[in-house]
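To keep things clear, I will list the structure first and then write my remarks on it.
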Amino acid sequence: MNYVVTIDGPAGAGKSSAAKALAKLLNVHYLDTGAIYRSIALILDEAEIKPDQPEFIAEALRDIKIELRDGAVLVNDIDISGEIRTPHVDKIASDYSAVKCVRDALLHLQQEQQNFGSLIAEGRDVGSVVFPNADIKFYLTASPEARAKRRCLERELKGEAVNYDETLKAIKSRDEFDSKRENSPLKVPDNAIIIDTSEINEQETLNLLAKHVKEVLKI
Ligand code: DC
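When we follow this note's numbering, the leftmost residue of the sequence shown carries the number 16, and every step to the right adds one.
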């Protein structure tokens, strides 16, 4: 039996680690929808097309080939996964993902992933818009301070310079923008199970999700 589990929530709530680990544990596919938005944002930004130019965006998107392969996003056959996790792309991904034609263009690509087997999908609207009939929906959240701390740690581990206050400010402003946009805003999907990860670590988060999935799906 194929199933879809969705994990939505704000930046830094632990969605990616949890979704990746859950997919590995259950031996099913993992869909990182944020990586798709990040890749598109980077390509449009490099082409100097701005988020307030929807007609140019729509035209550019018609010529861009996007493929998902082994967890990576390929744009025109090039894997740009290594370039999409920067503070600049955090910001522009949020800006471009608010544009309706961007969301429309990426909806089908996300939805067709369920045809390849069971799926753990992660994002901002995967439970509300992309897979409204998902078997299980989670919403992971955490205090902005806990999320900023995590983001700083992640970047420190990569050897990058970090500034906690700036990271916290950026997280708060991205939350606000993602939640208030008109198109597919970040929100708790109907029937989603809400988990606050401020005080629990990755393993504990995974344990909670896995326990629930196994109970509900009887796997
Ligand atoms: O999860 P992330 O931080 O990689 O996502 C980057 C941006 O992409 C986020 O600020 C909003 C956007 N996004 C979205 O609008 N819808 C999704 N399903 C996933 C991400």
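C-beta: ideal position from N, C-alpha, C; glycine also. Remember, predicted model here, so these are calculated numbers, not experimental data.
Asked, Found
"Starting from the Cα of residue 91, find the closest Cα among 123, 166, 78 and give me that residue.", "78"
"Please list, in chain order, all residues of the same chain as residue 220 whose beta carbon is under 8 Å from its beta carbon, the five residues on each side excluded.", "29, 32, 33, 155, 210, 212"
"Any heavy atom of the ligand DC inside 7 Å of the beta-carbon of residue 26?", "yes"
"Less than 6 Å between C-beta atoms, sequence neighbours within five positions excluded: which residues of the same chain meet that for residue 129?", "19"
"Would residue 208 pass as a contact of residue 27 if the rule is Cβ separation under 8 Å?", "no"
"Sorted by chain position, which residues of the same chain lie with C-beta nearer than 7 Å to residue 239's C-beta, five sequence neighbours on each side aside?", "Any answer about residue 239 is impossible in this case: the structure gives the chain only from 16 up to 234."
"What's the call for residue 153, buried or exposed, on a 16-neighbour Cβ count within 10 Å?", "buried"
"Within its chain, find whatever has a CB closer than 6 Å to the CB of residue 21; leave out the 5 residues flanking it on each side and keep chain order.", "136, 141, 142, 146, 149, 152"
"Compare the C-alpha of residue 70 against each of 198, 218, 116, 196 and name the closest.", "116"
"Taking the alpha carbon of residue 105 as the reference point, which residue from 120, 85, 80, 51 has its own alpha carbon closest?", "51"
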